[in-house]
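Undergrad: Mapped onto this note's numbering, the consecutive letters of the sequence shown carry residue numbers 2 to 180.
Don't be surprised by glycine CBs; every beta carbon is placed ideally from N, CA and C.
A quick note: this is a predicted structure, and the numbers were derived from the prediction, not measured.
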Amino acid sequence: FGPFLKQALTNRYTTLATGFGILILFVGLVAGGRVEFTRLPKIEGNRVSTTITMPFGTAVAETQLVADQVGAALQRTLRTLGNRGPKEQIIFSEVGGTSSGFASPRGDSSASGSHIAQITVDLGAANTRDISAHEFSELWRKETGEIAGVKNLKYRFGIGMGGSYPPINVRLSHPHTAN
Numbered sequence: 002f003g004p005f006l007k008q009a010l011t012n013r014y015t016t017l018a019t020g021f022g023i024l025i026l027f028v029g030l031v032a033g034g035r036v037e038f039t040r041l042p043k044i045e046g047n048r049v050s051t052t053i054t055m056p057f058g059t060a061v062a063e064t065q066l067v068a069d070q071v072g073a074a075l076q077r078t079l080r081t082l083g084n085r086g087p088k089e090q091i092i093f094s095e096v097g098g099t100s101s102g103f104a105s106p107r108g109d110s111s112a113s114g115s116h117i118a119q120i121t122v123d124l125g126a127a128n129t130r131d132i133s134a135h136e137f138s139e140l141w142r143k144e145t146g147e148i149a150g151v152k153n154l155k156y157r158f159g160i161g162m163g164g165s166y167p168p169i170n171v172r173l174s175h176p177h178t179a180n
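#1: Taking 6 angstroms as the limit between beta carbons, can you name the residues of its chain near I92, skipping five residues before and five after?
#2: How would you write the range of the alpha helix (DSSP H) that T59 sits in, first residue to last?
#3: For P56, which option in K152, W141 and G159 has the closest C-alpha, if you only look at C-alpha atoms?
#4: Please report the residue range of the beta strand (DSSP E) in which F93 lies.
#5: Secondary structure at N128, three-state DSSP: helix, strand or coil?
#6: Going by beta-carbon coordinates alone, are A149 and S115 separated by less than 9 angstroms?
#7: Go through its chain and collect everything with a Cβ distance to P106's Cβ below 6 angstroms, but skip five positions before and after it.
#8: Tell me the rounded alpha-carbon separation between G108 and N47.
#9: G108 by DSSP, collapsed to three states: which one?
#10: Quick one: give me the first and last residue of the alpha helix (DSSP H) that R13 is part of.
#11: Tell me which residues share the same chain as R85 and place their Cβ nearer than 8 angstroms to its Cβ, disregarding the 5 neighbours each side in the sequence.
#12: Of the choices A134, A74, L30 and Q65, whose alpha-carbon is the least far from that of G125?
#13: For G58, count the other beta carbons within 10 Å of its own beta carbon; 16 or more makes it buried, fewer makes it exposed. Which is it?
#14: For the alpha helix (DSSP H) that contains R142, what are its first and last residues?
#15: Please list, in chain order, all residues of the same chain as L140 whose beta carbon is under 6 angstroms from its beta carbon, the five residues on each side excluded.
#16: What does the Cβ neighbour count give for S50, buried or exposed, with the cut at 16 atoms within 10 Å?
#17: Sort out for me which residues DSSP pairs A118 with in a bridge.
As structure tokens, then:
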């Protein structure tokens with residue numbers, strides 16, 4: 002490898018031009034359709050989550066009252082949908098922190114404090130309901146409306162593998178692991 006590296010560094014402009022040439026060749030092959038490129042389909046997730054953020058220092062009891070209002074709006078949304086909505090649902094409510102999945106790009110998936118609450122509803126499989134997770138989150142948002150004293154009220158729904166997995170996940174395996 003040493004002699005190759007020495008030759009490449011000695012002829013650095015030739016090495017650079019060759020690298021750019023290969024790059025242009027591969028971009029041309031993909032753009033020209035010689036090498037097929039298929040994106041993964043967007044698969045709707047089954048969970049819709051809302052995170053409630055009150056001003057820092059808010060008492061747990063006050064955050065609980067707001068979480069109860071958002072939870073009541075969730076129940077009204079489910080009743081309004083009737084047969085169009087999920088046949089079965091699992092509701093998880095947490096006051097004093099967030100968790101259960103929706104990781105941020107930085108990788109952290111939880112926060113804590115008396116001013117934070119989260120309500121997550123699992124709508125079940127998409128083929129068992131007549132409404133998408135996105136439509137459900139919009140209906141829930143409208144039903145909740147404005148709540149006084151809330152710093153931030155964020156609704157999220159998963160696209161992809163449940164919405165909580167990393168954007169790229171690579172697993173390598175081989176039947177012959179010994180050298």
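TA: Judging by the given coordinates:
#1: V122
#2: From DSSP, T59 is part of no alpha helix (DSSP H); its letter is neither H nor E.
#3: K152
#4: Element bounds for F93: I91 to T99.
#5: helix
#6: no
#7: With a pLDDT of 39 at P106, under the threshold of 50, the modelled position of that residue is not reliable, and the figure given next carries that caveat. No residues qualify anywhere along the chain.
#8: Residue placement at G108 is flagged as unreliable, the pLDDT there being 40, under the threshold of 50; the coordinate-derived value follows with that caveat. Approximately 21 angstroms, taken between the alpha carbons.
#9: Residue confidence for G108 is low, a pLDDT of 40 falling below 50, so the modelled location carries little weight; the figure read from the coordinates is stated next. Of the three classes helix, strand and coil, the one that applies to G108 here is coil, per DSSP.
#10: R13 to A32
#11: R130, D131 and I132
#12: A134
#13: Exposed: under 16 other Cβ atoms inside 10 Å.
#14: A134 to T145
#15: T78
#16: buried
#17: DSSP lists I53 and V96 as partners of A118.
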